[in-house]
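The block underneath contains the structure these notes are about, expressed in structure tokens.
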Amino acid sequence: MEKKLSIISFSGDFDKLTAVFTLATGAAAVGYEVNIFFTFWGLDAIKEKQGRSFLGKSPLTKAFGFLMGGLKVAPVSRFNFWGISPKIFRSLMRKNNVATLEELVEYAKVLGVNLYACEMAMHILGLKREDFIPEVKDVLGVATFLKLADDGQTLFI
Amino acid sequence: MEKKLSIISFSGDFDKLTAVFTLATGAAAVGYEVNIFFTFWGLDAIKEKQGRSFLGKSPLTKAFGFLMGGLKVAPVSRFNFWGISPKIFRSLMRKNNVATLEELVEYAKVLGVNLYACEMAMHILGLKREDFIPEVKDVLGVATFLKLADDGQTLFI
Amino acid sequence: MEKKLSIISFSGDFDKLTAVFTLATGAAAVGYEVNIFFTFWGLDAIKEKQGRSFLGKSPLTKAFGFLMGGLKVAPVSRFNFWGISPKIFRSLMRKNNVATLEELVEYAKVLGVNLYACEMAMHILGLKREDFIPEVKDVLGVATFLKLADDGQTLFI
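For the record, the sequence lines run as chains A, B and C.
Quick note on the working numbering: the first sequence kicks off at 1 and runs consecutively.
Quick note on the working numbering: the second sequence kicks off at 1001 and runs consecutively.
Quick note on the working numbering: the third sequence kicks off at 2001 and runs consecutively.
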């Protein structure tokens, strides 16, 4: 049977998203079926329109649209230093020939990693299917995700 | 065999506790056995006396009693803005017909989700069995929890 | 078959590292095979030279060497209060006869917990095999770790 790795990608932090996509691409490269379920701040990683914007209809959802500005402005979970730190990481990754976060996301698409968006978190944050990249396979609830993740390893990041 | 989901609920953040209870109730609703093992800041979610208080005997444990004020004052892990953000989340959840954290906790009780408290963390923080809601099934150590979680999925949140 | 617990230790926070080693030693004590894969900030826990130092060759990696000062200066994920909080935790753990983080790390070594370092994170942060304690069994990539973790429980902390 095919091995399976499922990841609930909750965090919007640069370093944790890097961990999500490193694990996902590493597993997919050795033949695993990989499912990523983006929820809450993690939805940031699959937004079509990267950069700070004002998606959503109400002032509140607009505020979250601004705060969640996508991969380019994702902060580091520790020692963020007003956004200097993700830039340092990117430069270290390039210098040391490690794939950057944006490259990892591209690899994940090429390797056929399944990307899913969490229905409930989309409701809370006022996001719609059209706000995400076309590679997002489906919008799911918890029960459907658990069924997909069944019989494999599941991580919450 | 019955499917099983076990969650180690470590964080005291509003958004992460929402994830814990969304996953727990979603899984229980489709017939999973669900075990939540509350430890460290997560113990906040099952305190009987919600609101900031001074549980514990020493000045140090009293301080933690004050800082861990329960669900009503749980901060958001990101963009907390001095406590405005959890209020915004609550209002967005209500407006968009998503269950609030308090409602999810009630659902969990009704759906028979098993709630456990971590013995070691209780020792550190100076908390006793009586400080928790009566629905807490037992106080456990790591080994007993691992036995319960065996043959299912386990998440650390 | 022997039960297995694998932990991806990503965080450098005092409380989360305490959770990693409590789970690891608790599982090893009841006969589990335990693997810990240290990555990113988690690498802090297995550095040979504890205390703030300037490992790494470039100014950037030197800066991370300083910021990641090992177990003695690891902050708490919440209510850190400029480093007072980990000291309070240590004193509470001692007073309440709970093993401190340093003691847990020693137990882990004695109990034969397998310690691994993440190759990619070492590249990014400019760390070498010699920078870690001799108990570190190997330097691994994601695919090898997944193979080790196969057929057991895996947690991301």
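Glycine residues also receive a C-beta, built at the ideal position from the N, C-alpha and C atoms.
In this text, all values refer to a predicted model and were calculated from it rather than measured experimentally.
Sub-8 Å separation of residue i and residue j beta-carbons
{"i": "residue 2138 (chain C)", "j": "residue 2004 (chain C)", "result": "no"}
{"i": "residue 1007 (chain B)", "j": "residue 1115 (chain B)", "result": "no"}
{"i": "residue 108 (chain A)", "j": "residue 39 (chain A)", "result": "no"}
{"i": "residue 21 (chain A)", "j": "residue 42 (chain A)", "result": "no"}
{"i": "residue 2048 (chain C)", "j": "residue 2133 (chain C)", "result": "yes"}
{"i": "residue 89 (chain A)", "j": "residue 73 (chain A)", "result": "no"}
{"i": "residue 2154 (chain C)", "j": "residue 153 (chain A)", "result": "yes"}
{"i": "residue 1120 (chain B)", "j": "residue 1141 (chain B)", "result": "yes"}
{"i": "residue 2156 (chain C)", "j": "residue 36 (chain A)", "result": "no"}
{"i": "residue 959 (chain B)", "j": "residue 1018 (chain B)", "result": "Here chain B covers residues 1001 to 1157 and nothing more, so residue 959 (chain B) does not appear."}
8 Å Cβ cutoff, residue i in contact with chain A
{"i": "residue 2036 (chain C)", "result": "no"}
{"i": "residue 1156 (chain B)", "result": "yes"}
{"i": "residue 1026 (chain B)", "result": "yes"}
{"i": "residue 1110 (chain B)", "result": "no"}
{"i": "residue 1129 (chain B)", "result": "no"}
{"i": "residue 2140 (chain C)", "result": "no"}
{"i": "residue 2117 (chain C)", "result": "no"}
{"i": "residue 2100 (chain C)", "result": "no"}
{"i": "residue 2045 (chain C)", "result": "no"}
is_contact[residue i, chain C] using C-beta, thresh 8 Å
{"i": "residue 92 (chain A)", "result": "yes"}
{"i": "residue 1023 (chain B)", "result": "no"}
{"i": "residue 19 (chain A)", "result": "yes"}
{"i": "residue 70 (chain A)", "result": "no"}
{"i": "residue 1014 (chain B)", "result": "no"}
{"i": "residue 29 (chain A)", "result": "yes"}
{"i": "residue 1042 (chain B)", "result": "no"}
{"i": "residue 1104 (chain B)", "result": "no"}
is_contact[residue i, chain B] using C-beta, thresh 8 Å
{"i": "residue 2096 (chain C)", "result": "yes"}
{"i": "residue 124 (chain A)", "result": "yes"}
{"i": "residue 89 (chain A)", "result": "no"}
{"i": "residue 149 (chain A)", "result": "yes"}
{"i": "residue 132 (chain A)", "result": "no"}
{"i": "residue 74 (chain A)", "result": "no"}
{"i": "residue 5 (chain A)", "result": "no"}
Integer-rounded CB distance, given that residue j should sit under 8 Å from residue i
{"i": "residue 148 (chain A)", "j": "residue 28 (chain A)", "result": "About 15 Å separates the two Cβ atoms, so there is no contact after all."}
{"i": "residue 1126 (chain B)", "j": "residue 2078 (chain C)", "result": "Actually they are not in contact, since the Cβ atoms of residue 1126 (chain B) and residue 2078 (chain C) sit about 17 Å apart, beyond 8 Å."}
#### Entry: Continuous alpha helix (DSSP H) assignments of at least 4 residues falling wholly in the stretch 1128-1154 of chain B
Whole alpha helix (DSSP H) segments, 4+ residues: 1142-1149.
### Query
Quick one: any contact between the stretch 1092-1102 of chain B and the stretch 1110-1129 of chain B, if contact means 3 or more CB pairs under 8 Å?
Because the criterion of three Cβ pairs below 8 Å is not met, the stretch 1092-1102 of chain B and the stretch 1110-1129 of chain B do not touch.
### Message
What ranges does the beta strand (DSSP E) occupy inside the stretch 2095-2122 of chain C, keeping only unbroken runs of at least 3 residues that lie completely in it?
### Response
The beta strand (DSSP E) runs lying completely inside the stretch 2095-2122 of chain C and spanning 3 residues or more are 2114-2118, given in chain order.
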